[in-house]
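>
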Amino acid sequence: MGVGLTAFGPIFAISSYILLANTPLTALGVGLTVLGLTILITPQHPVPKETVQAFIRSSCENLETLFEATGAFMRATYFPSNGKVYAYIPVTREQNIVMEDVEKNVGNLIAKSGRSLGLIIIPPASELIKNSFSEGAGLDTFASEILVDVSEVAESVKVVESDSTLVLEIFRPRVDVNFSRFKAVMGSLPTSIAAQAAAIKFLKPVQVLDERFEGNRIISRLKFLEWTSTPYT
Amino acid sequence: MDKHTLYIITFTILITISVSSLAALGESRLDVYTSIFTLEYFTLAAIFRPRRKTVDFLAITLLIVFAYTVALRVIEVIFS
């Protein structure tokens with residue numbers, strides 16, 4: 000249909016203009032062309048949001064099982080590496096590994112340095128963030144694109160930056176997971192996705208400091224870490 | 000109904016209404032029609048936030064055409 004309108008529209012517009020000298024018919028031809036092109040560039044069967052959300056949930060369930068098995072309970076640190084976001088989850092209490100060394104271990108499931116032991120995982124939505132990242136956009140726009148438009152896990156998001164802390168206000172979260180270990184380690188799903196967006200945007204390790212659930216909004220605080228600091232919280 | 004389908008249907012209805020209304024009013028300037036299409040395109044894009052398969056080159060084209068039209072009008076006013 001889009002191809003048909005795109006092909007017919009210009010022919011109709013040009014012939015109306017040249018042969019009939021009729022402006023409304025010419026405009027109708029232009030309108031049909033615009034409509035045809037709109038149909039062509041709009042995906043007819045975009046992946047339904049329920050499907051995207053189901054994939055994300057399954058991914059979280061896997062991580063919940065992994066965290067339970069390893070006994071991980073400390074907060075994850077999200078960090079960028081080669082255009083993707085990873086999460087480092089400390090497993091032992093003693094953490095003297097610096098984020099620089101954690102980054103060198105990307106590709107391994109386990110990062111070990113002295114007595115420090117932790118997991119390096121690919122958090123849910125990491126791939127979405129990688130595909131949607133655009134250099135020019137501010138964090139506000141980028142977080143909104145990821146949380147609202149692409150994953151549709153929230154209705155809107157506001158970001159306030161101050162020094163090494165980010166305060167996020169996520170309105171009407173539509174999807175969250177009820178995995179207690181996952182939430183304790185990674186934060187709620189919307190916060191986790193926002194932290195990943197912040198990590199890739201600022202190319203710095205990011206940790207979820209805390210989050211509050213107030214009615215239909217989540218207020219989260221994210222903290223930027225230096226590459227030379229340890230991820231221990 | 001899927002929001003993308005609703006978006007296309009709404010855009011079709013708006014184009015039909017605008018062309019027929021302007022034609023009924025006897026409007027004979029093509030730039031008025033294209034400006035209305037541009038306005039409708041951007042308004043619906045802001046409301047429905049449809050996904051795109053490619054870069055939204057249509058938006059860029061419509062914006063350029065709109066800017067050109069406005070520029071011509073401004074020049075017309077200044078030098079008349």
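Same order as they appear, the protein sequences are chains A and B.
Residue numbering for the first sequence is 0 to 232, as defined by numbering that gives the first Met the number 0.
Residue numbering for the second sequence is 0 to 79, as defined by numbering that gives the first Met the number 0.
Glycine is no exception: its CB is placed at the ideal position from the N, C-alpha and C atoms.
All values derive from a computational prediction rather than experimental measurement.
For the alpha helix (DSSP H) that R180/A lies in, which residues bound it at each end?
Start at 1 with the first residue of the first sequence, and residue 180/A comes out as number 181. Taken as a continuous stretch (DSSP letters only), the alpha helix (DSSP H) holding R180/A covers 179 to 185.
> Have a look at Y16/A, I10/A, E151/A, I17/A and flag the residue whose alpha-carbon is nearest the alpha-carbon of I55/A.
Stepping through the first sequence from its first residue, residue 55/A is reached at position 56. Comparing Cα positions, the closest option is E151/A.
> I want to see whether chain B comes within less than 7 Å of G186/A, judged by CB atoms only; does it?
Indexing the first sequence from 1 puts residue 186/A at position 187. Judged by the 7 Å Cβ criterion, G186/A is not in contact with chain B.
> Residues bridged to R216/A by DSSP?
On the first sequence, residue 216/A is found 217 positions in, with the first residue counted as 1. DSSP output for R216/A lists F170/A, E213/A as bridge partner(s).
> With 7 Å as the limit, tell me which residues of the segment 13 to 25 of chain A have their beta carbon closer than that to any beta carbon of chain B; keep them in chain order.
Listed by position along the chain: T22, P23, T25.
> Starting from the Cα of S143/A, find the closest Cα among R171/A, I119/A, I121/A and give me that residue.
Locating residue 143/A in the first sequence gives position 144, counting from the first residue. Considering only alpha carbons, the answer is R171/A.
> What are the boundary residues of the alpha helix (DSSP H) that includes E75/B?
On the second sequence, position 76 is the one that residue 75/B refers to. Residues 56 to 78.
> Should K200/A go down as buried or exposed, given a rule of 16 or more other Cβ atoms within 10 Å for buried?
The residue given as residue 200/A occupies position 201 in the first sequence. With 16 or more Cβ atoms within 10 Å of its Cβ, K200/A is classed as buried.
> For the segment 54 to 68 of chain B, enumerate the residues whose C-beta is nearer than 9 Å to any C-beta of chain A, in chain order.
Within the segment 54 to 68 of chain B, the residues whose Cβ lies closer than 9 Å to some Cβ of chain A are V54, D55, F56, L57, T60, L61, listed in chain order.
> Spatial neighbours of S163/A within its chain, please: C-beta separation below 7 Å, excluding the five flanking residues on both sides.
As a working mapping, residue 163/A is identified with position 164 in the first sequence. Once the five neighbours on either side are set aside, the close Cβ partners of S163/A are K222, F223.
> Classify I110/A as helix, strand or coil using the three-state DSSP reduction.
Along the first sequence, read from residue 1 onward, the residue named residue 110/A stands at position 111. At residue 110/A the sequence reads Ala, which differs from the Ile that was named. In the structure shown, A110/A sits in a strand (DSSP, three-state: E or B).
> Determine the extent of the beta strand (DSSP E) in which I257/A is found, giving its start and end residues.
Lying outside 0 to 232, the shown extent of chain A, residue 257/A is not represented and no answer is given.
> Between the segment 0 to 9 of chain B and the segment 213 to 222 of chain A, do three or more beta carbon pairs fall short of 8 Å?
In short, these stretches do not touch, since the Cβ pair count stays below three.
> Nearest-angstrom Cα distance between L24/A and I17/A?
Along the first sequence, one-based indexing puts residue 24/A at 25. Along the first sequence, one-based indexing puts residue 17/A at 18. The straight-line gap from Cα to Cα measures roughly 11 Å.
> Can you list, in chain order, the residues of its chain whose CB lies under 7 Å from that of V33/A, leaving out five sequence neighbours each side?
Translated into positions along the first sequence, residue 33/A becomes position 34. Excluding sequence neighbours, V33/A sits near nothing in its chain.
> S27/B touches chain A at which residues, Cβ-Cβ below 7 Å?
In the second sequence, counting from the first residue as 1, residue 27/B sits at position 28. By Cβ distance, chain A contributes T22.
> In this structure, does DSSP put K2/B in helix, strand or coil?
Along the second sequence, read from residue 1 onward, the residue named residue 2/B stands at position 3. Helix at K2/B.
> Could you tell me whether the segment 42 to 59 of chain B touches the segment 14 to 26 of chain B, where touching means 3 or more Cβ pairs closer than 8 Å?
No: the two stretches stay apart, fewer than three of their Cβ pairs being nearer than 8 Å.
> Where does Y66/B land, buried or exposed, given buried means 16+ other C-beta within 10 angstroms?
Counted from its first residue, the second sequence places residue 66/B at position 67. It is Ala, not Tyr, that sits at residue 66/B in the sequence shown. By the 10 Å Cβ count, A66/B comes out exposed.
> Closer than 7 Å by C-beta to A153/A: which residues in its own chain qualify, once you throw out the five before and the five after it? Chain order, please.
Residue numbering aside, residue 153/A sits at position 154 when the first sequence is read from its first letter. Hits under 7 Å: L146, V147, I169, F170, R171, P172, R173, P189.
> The beta strand (DSSP E) with S161/A in it runs from where to where?
As a first step, residue 161/A must be located in the first sequence, where it is residue number 162. S161/A -> beta strand (DSSP E) spans 155 to 161.
> Please tell me whether I12/B has its Cβ less than 7 Å away from any Cβ of chain A.
For the purposes of this step, residue 12/B is identified with residue 13 of the second sequence, where counting begins at 1. Answer no: the Cβ-Cβ gap between I12/B and chain A never drops below 7 Å.
> In chain order, what residues of the same chain lie with their CB nearer than 6 Å to the CB of V29/A, ignoring the 5 residues before and after it?
Numbered from 1 along the first sequence, position 30 holds the residue referred to as residue 29/A. So the qualifying residues of the chain are A12.
> With a 10 Å radius around its C-beta and 16 neighbouring C-beta atoms as the bar for buried, classify T22/A as buried or exposed.
Against the first sequence, residue 22/A aligns to sequence position 23. With 16 or more Cβ atoms within 10 Å of its Cβ, T22/A is classed as buried.
> L21/B touches chain A at which residues, Cβ-Cβ below 8 Å?
For the purposes of this step, residue 21/B is taken as the residue at position 22 of the second sequence. What L21/B touches in chain A: P23, A26.
> Is it true that the segment 19 to 31 of chain B meets the segment 106 to 118 of chain A, where meeting means three or more beta-carbon pairs spaced less than 8 Å apart?
The segment 19 to 31 of chain B, when compared against the segment 106 to 118 of chain A, does not touch it at the 8 Å Cβ threshold.
> For a contact meaning CB atoms closer than 8 Å, what does F41/B contact in chain A?
Taking the first residue of the second sequence as position 1, residue 41/B is located at position 42. None at all; the shortest Cβ gap to chain A is about 12 Å.
> Which chain B residues are close to D148/A, counting only those with a beta carbon under 9 Å from its beta carbon?
Translated into the one-based positions of the first sequence, residue 148/A becomes position 149. Residues of chain B passing the Cβ test: R48, R50.
> Going along the chain, which residues of its own chain have a beta-carbon closer than 6 Å to the beta-carbon of V159/A, five neighbours each way excluded?
Locating residue 159/A in the first sequence gives position 160, where the first residue counts as 1. If we look at V159/A and ignore the five residues flanking it on each side, its Cβ neighbours are V166.
> What residue range does the alpha helix (DSSP H) around I13/A cover?
Position 14 of the first sequence holds residue 13/A. Note, I13/A: alpha helix (DSSP H), 1 to 14.
> Comparing C-alpha positions only, which one of S191/A, V90/A, L27/A, V176/A sits nearest to E60/A?
The residue labelled residue 60/A in the question sits at position 61 within the first sequence. Per the Cα distances, V176/A.
> Whose Cβ in chain B lies nearer than 9 Å to the Cβ of P42/A?
For the purposes of this step, residue 42/A is identified with residue 43 of the first sequence, where counting begins at 1. Simply H3, P49, R50, R51, K52.
> Between which two residues does the alpha helix (DSSP H) holding A26/A run?
Counting from 1 along the first sequence, the entry for residue 26/A is found at position 27. Counting along the chain, the alpha helix (DSSP H) containing A26/A begins and ends at 22 to 40.
> Taking the CB atoms as reference points, tell me whether I88/A and G70/A lie closer together than 7 Å.
In the first sequence, counting from the first residue as 1, residue 88/A sits at position 89. In the first sequence, counting from the first residue as 1, residue 70/A sits at position 71. Taking 7 Å as the Cβ cut-off, I88/A and G70/A do not qualify as a contacting pair.
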